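Enquirer: Residue numbers (the numbering used here), protein chains in the order written: chain P, 1 to 424; chain X, 425 to 848. One structure follows; several queries about it will come next.
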């Protein structure tokens, strides 16, 4: 299909190895001994639930009646797993005060990670040249998908790194004036502990957004990415998913993952779509793309839910990742980053801090900061990559894979680099 | 993207369950108690290598140094597995007399089954309206992929159910006259124990095909699907892959699977491409589609190769599937199908018999044969589905999933149905 772009594309994927062609910056970084990466959005290998997965594999593989787990499954995924997922979602939305439309296994499609769900959604909804509206900032891998498929990402207005509802009327009117509103095919939202901003969309924002879309007759499906919804530190964020609003004119394509925190190596994501024609289109594309996500990892996830292991593991991990988040935050503060004029908010979940540099300090791949960070043996994701708007002067730091001690040290290095930039 | 077609699309995938919307015929069939399916292209659940996979899972998950198997891998797949695959291919081609260009891990991309490899190839090479040339018959799931992506499948001339090299010059000339030759973007070949014909492409056919393409300046990549190459019964088929011809003007996109016979539930396939620009394009699409095939099943396959378990298992399975093939063949012969004018050849590998009905007997989804087979509680895949040309009067029977006893019984039922059709 149209134009494939290759630059800066694999930061989340390649920090483990320099195996594929990437930007010089990343390539160089990977060759530096002792480098601490705050760039890769990985979880911590040392915390992988090896014992749990082993127990499940043994149980499955010793059971004569479950030889089917080593066989093809359905293209849309294991029925029981789809039931579990739908049930889980309904329960979460109810806990957040919603009385959601009943969702069932039939509305659910299992995907190879939530990455495949995003790709399927874009491919099902867009032709090259179409527009998808995104938050500013947004998930940079989604921007890569859009570029690769020739779809234009247009940033919606933001305030304080989250959707600015009050500015939407003007924004939609401008799109209309430019003749672009008719090319908008979808909207992409990361509504819980966003990568990279760590923000959630409130009940008021969700209501306001849907109302504004209706006022402007923007009746297009919303892709709501709730990948980090269950990856909170102290309490779930108290807003239901967009399904709870029951807006037939704006179909919701909900997507998430079971394995981002549990075991990314199993790679089991999902899509929930109520609108029948769109769901059929997604199922057709899924079938053609890979004839169904590998059955065995699905069976492992199914069993992890059934045995309560997934929830136990999430409960066990939350304070551990919270401690990581606090170690990075403390390292930045105690080494004096705020005194240099940098600002950020603590994270309530997921894996990221989103920093704003002082006025005039560039953070892009070719910036002094980026170069000096390499000298200090620490790397980050430049904000430009996470934005379809400007994104300049921003930095994404991830605390997922390093230990609290290394995070503190990485933070100290980052602050040293920021000081050197300030002193120039 | 353009036009999604949904009919008759999932026979290989849905015979396990009536979970998704399919043709009435299949839907009805699945509700019939005691039905024996010769339709689904599955291997035998009862023969799944559960003990082997269990041993490997335990070894991997108890090893501290291998926690990375539960983490993301590279988008193009595990390096060691790619090395193993490349090595395996070079060895096979050498055993068949070729001195192939050295292939390495860098030329190899791991995919979620060979199905994803086919989808990636079509998406990388074609726009809607483009043409891919296919054999007649060909893999019906590939025809589904082409329809779904809006790509036209055009059948090449065949004789005795395999590529008719002598007819290629006329065929290419006709394409040229119709103005279609310029829209041909690729060619799809199943060169070992084809699904459905069970034929292999000989050395002479491969040479003749490449020569004809060069004569007509048809310099497009060939997708060579060798999924069943290692699934022979008595001896490997003695022709190397097309890589051995070293034709830079006709890039080869070789694809296969590690798990079709071993464990389809692990779903690990692969692509080997030497041409750098095409390989980069495929890697970009793969990265965007799912950010890499699940790492844990890849690690299981890697270990199965390393421990020699994959080869042991293949050696163990060959006579078992050979016996199945013979049971189906015997059931058809001994119950008198030949006497009714039906013809077929025994299979040398893989999972299929490809039958030709006597002149005038229809075999399509709406035919008497199809209806009466349902009454006799046996189902098959109509030849029309496996052909971009006519395919009428053909039947694909699969012997993968049933026991020899059930295969003999299913054959008896099929012959009864054929007799009832003949008697009308």
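Backbone N, C-alpha and C fix where the C-beta goes; we use that ideal spot for every residue, glycine too. Here the structure is a predicted model, which means the values were calculated and not measured.
Tell me whether the beta-carbon of residue 239 of chain P lies closer than 8 Å to the beta-carbon of residue 206 of chain P.
Expert: Contact: yes.
Enquirer: For a minimum of 4 consecutive residues, which ranges assigned as the alpha helix (DSSP H) are wholly contained in the region 571-643 of chain X?
Expert: Complete alpha helix (DSSP H) runs here, min 4: 592-601 and 627-639.
Enquirer: Between X/800, X/642 and X/518, which lies nearest to residue 661 of chain X when the distance is taken from Cα to Cα?
Expert: Answer by Cα proximity: X/518.
Enquirer: Give the secondary structure of residue 814 of chain X by DSSP, where H, G and I count as helix, E and B as strand, and everything else as coil.
Expert: Coil, per DSSP.
Enquirer: Could you say which of X/514, X/503 and X/543 lies nearest to residue 284 of chain P if we only look at CA atoms?
Expert: That would be X/543, whose Cα lies nearest to the Cα of residue 284 of chain P.
Enquirer: Checking contacts by CB at 8 Å: is residue 828 of chain X closer than that to chain P?
Expert: Chain P, which has no Cβ nearer than 8 Å to the Cβ of residue 828 of chain X, makes this no.
Enquirer: Check whether chain X comes within 8 Å of residue 386 of chain P, counting only Cβ atoms and requiring the distance to be less than that.
Expert: Taking Cβ atoms only, chain X never reaches closer than 8 Å to residue 386 of chain P, which makes this a no.
Enquirer: Determine which residues share a DSSP beta bridge with residue 822 of chain X and list them.
Expert: Beta-bridge pairing links residue 822 of chain X to X/776.
Enquirer: Between the beta-carbon of residue 508 of chain X and the beta-carbon of residue 57 of chain P, is there less than 8 Å?
Expert: Not closer than 8 Å, so no.
Enquirer: Just to make sure I have the definition right: I need the residues of chain P whose C-beta is within less than 7 Å of the C-beta of residue 733 of chain X. Which are they?
Expert: In chain order: nothing, as chain P lies at least about 14 Å away.
Enquirer: Scan the region 49-66 of chain P for residues whose Cβ lies nearer than 8 Å to a Cβ of chain X and list them as they occur along the chain.
Expert: Per Cβ criterion, the list reads 49, 50, 51, 53, 54, 57, 58, 61 and 62.
Enquirer: Give me the subset of the region 312-336 of chain P whose CB atoms are less than 8 Å from a CB atom of chain X, sorted by chain position.
Expert: Per Cβ criterion, the list is empty.
Enquirer: Kindly indicate the opening and closing residues of the beta strand (DSSP E) around residue 647 of chain X.
Expert: First-last of the beta strand (DSSP E) with residue 647 of chain X: 646-649.
Enquirer: Compute the Euclidean distance between the alpha carbons of residue 264 of chain P and residue 462 of chain X, then round it to the nearest angstrom.
Expert: In a straight line, the C-alpha of residue 264 of chain P is about 37 Å away from that of residue 462 of chain X.
Enquirer: List, in order along the chain, the chain P residues whose C-beta lies closer than 7 Å to that of residue 569 of chain X?
Expert: Within chain P, the residues near residue 569 of chain X are 288.
Enquirer: Whose CA, out of X/635, X/466 and X/648, lies closest to the CA of residue 775 of chain X?
Expert: Measuring from the Cα of residue 775 of chain X, the nearest candidate turns out to be X/466.
Enquirer: So what's residue 802 of chain X in DSSP terms, helix, strand or just coil?
Expert: The answer is strand: DSSP assigns residue 802 of chain X an E or B state.
Enquirer: If you reduce the DSSP assignment to three classes, tell me which class residue 681 of chain X lands in.
Expert: Correct three-state label for residue 681 of chain X: strand.
Enquirer: Assign residue 360 of chain P to one of two classes, buried (16 or more other C-beta atoms within 10 Å of its C-beta) or exposed (fewer than that).
Expert: Counting Cβ neighbours within 10 Å, residue 360 of chain P comes out exposed, since fewer than 16 surround it.
Enquirer: From P/36, P/109 and P/368, pick the residue whose C-alpha is nearest to that of residue 465 of chain P; which is it?
Expert: This structure does not reach residue 465 of chain P, given that chain P is present from 1 up to 424, and the question cannot be answered.
Enquirer: Spatial neighbours of residue 796 of chain X within its chain, please: CB distance less than 7 Å, with the 5 preceding and 5 following residues excluded, ordered by chain position.
Expert: Cβ neighbours of residue 796 of chain X beyond the five flanking positions: 841, 844 and 845.
Enquirer: Kindly give me the distance between the Cβ atoms of residue 192 of chain P and residue 222 of chain P, rounded to whole angstroms, as I take these residues to be in contact under 8 Å.
Expert: Wrong, their Cβ atoms sit about 14 Å apart, outside the cutoff.
Enquirer: Should the region 599-615 of chain X be regarded as contacting the region 555-564 of chain X, the criterion being three or more beta carbon pairs within less than 8 Å?
Expert: Judged by Cβ distances under 8 Å, the region 599-615 of chain X makes contact with the region 555-564 of chain X, as three or more pairs qualify.
Enquirer: Considering only their Cβ atoms, is the gap separating residue 389 of chain P from residue 357 of chain P smaller than 8 Å?
Expert: No, Cβ-Cβ distance for residue 357 of chain P and residue 389 of chain P is not below 8 Å.
Enquirer: Using the C-alpha atoms, what's the distance from residue 399 of chain P back to residue 321 of chain P?
Expert: Answer to the nearest angstrom: the Cα atoms are 8 Å apart.
Enquirer: Could you compute how far the alpha carbon of residue 164 of chain P sits from the alpha carbon of residue 576 of chain X?
Expert: So the alpha carbons of these two residues sit roughly 46 Å apart.
Enquirer: Please list the terminal residues of the continuous alpha helix (DSSP H) segment that includes residue 285 of chain P.
Expert: Looking at the DSSP string, the run of the alpha helix (DSSP H) that includes residue 285 of chain P is 276-290.
Enquirer: Does the Cβ of residue 49 of chain P have 16 or more other Cβ atoms within 10 Å, making it buried, or fewer, making it exposed?
Expert: Buried, because 16 or more other Cβ atoms sit within 10 Å of the Cβ of residue 49 of chain P.
Enquirer: Do the region 683-697 of chain X and the region 302-314 of chain P meet, that is, are 3 or more Cβ pairs less than 8 Å apart?
Expert: Judged by Cβ distances under 8 Å, the region 683-697 of chain X makes no contact with the region 302-314 of chain P, as fewer than three pairs qualify.
Enquirer: What is the C-beta distance between residue 762 of chain X and residue 534 of chain X, in whole angstroms, given that I count them as a contact (C-beta under 8 Å)?
Expert: Rounded, the Cβ-Cβ distance is 44 Å, inconsistent with contact.
Enquirer: Can we say the region 329-338 of chain P touches the region 69-89 of chain P, given the rule of at least three CB pairs closer than 8 Å?
Expert: No, the region 329-338 of chain P is not in contact with the region 69-89 of chain P.
Enquirer: Compute the distance between the beta-carbons of residue 259 of chain P and residue 267 of chain P, then report whether it is under 8 Å.
Expert: Contact flag set, yes.
Enquirer: Check whether chain X comes within 8 Å of residue 442 of chain P, counting only Cβ atoms and requiring the distance to be less than that.
Expert: In the structure displayed, chain P extends from 1 to 424; residue 442 of chain P sits before or after that span and is not available.
Enquirer: Could you give the distance in angstroms between the alpha-carbon of residue 209 of chain P and the alpha-carbon of residue 168 of chain P?
Expert: Straight-line Cα distance between these residues: approximately 8 Å.
Enquirer: Considering only C-alpha positions, which residue in the set X/557, X/681 and X/830 is nearest to residue 595 of chain X?
Expert: Residue 595 of chain X has its Cα closest to that of X/557, out of X/557, X/681 and X/830.
Enquirer: Which residues share a DSSP beta bridge with residue 717 of chain X?
Expert: In the DSSP output, where bridge partners are listed per residue, residue 717 of chain X has none listed.
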